[in-house]
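Accompanying notes for the structure given below.
In my numbering, the protein residues as written are 580 to 769.
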């Protein structure tokens, strides 16, 4: 009986933790389901290509370049998330340094994760492959021009998310938000 009494707090803590994880997973799943919509991604990509770059574009393109270089450096960096962490930290630092308005940082961090997807769509859309023979085998890579163009697409996407969640109002009719479209009356920061 004493064992049962001693185990009760641990059991209660375990059940509370399980409940919390289930609730967190449900919220994350809702955001992911909206973000992953192929028609939504296609529409967003088409809108981004028509945007004009902002004054932050050179800095944002440098951050995107560091992210893509990081993925190429080590296969484990992609697995443990260090590239994405550094990417998000760099974006926040640029936003804090250059934009004076108060950000909706939680929404920004969720929605900016769609921008690397825009880079990938761009790379796959116009794969300008440069092929050469190395040691009797063909090796093909994307052309440097395609990489620069797709880096610019991701930078414009980041700029749009900055407009929506940091500068206070989108400058274009494109909505990047996977969060704010969830529930009309939900104004709580994630």
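Virtual Cβ for every residue (Gly too), placed ideally from N, Cα, C.
Counted as a single uninterrupted DSSP element, the alpha helix (DSSP H) harbouring residue 699 occupies residues 694-704. The Cβ-Cβ distance between residue 635 and residue 667 does not fall below 9 Å. Note on residue 639: 16 or more other CB atoms within 10 angstroms of its CB, so buried under the neighbour-count rule. Distance from the CA of residue 703 to the CA of residue 696, rounded to the nearest whole angstrom, comes to 11 Å. In this structure, residue 733 and residue 698 form a Cβ contact; the two beta carbons are roughly 4 Å apart against a cut-off of 8 Å. Inter-residue distance for residue 691 and residue 624 is about 13 Å (C-alpha atoms, whole angstroms).
Contact between residue 646 and residue 662 holds, since their C-beta atoms are separated by about 6 Å, short of 8 Å.
Cβ neighbours of residue 633 within its own chain (closer than 6 Å, five residues either side excluded): 738. In terms of CA proximity to residue 677, 637 leads the group 727, 637, 650. Residue 744 carries a helical assignment under DSSP once its states are collapsed to helix, strand and coil. In the structure shown, residue 629 adopts coil according to DSSP, grouped into three states.
The three-state secondary structure of residue 681, taken from DSSP, is coil.
In this structure, residue 642 keeps its C-beta atom at 9 Å or more from the C-beta atom of residue 620.
The alpha-carbon of residue 747 is positioned some 22 Å away from that of residue 622.
Residue 660 sits in coil when the DSSP states are folded into three classes, being neither helix nor strand. In the three-state reduction of the DSSP assignment, residue 635 falls in the coil class.
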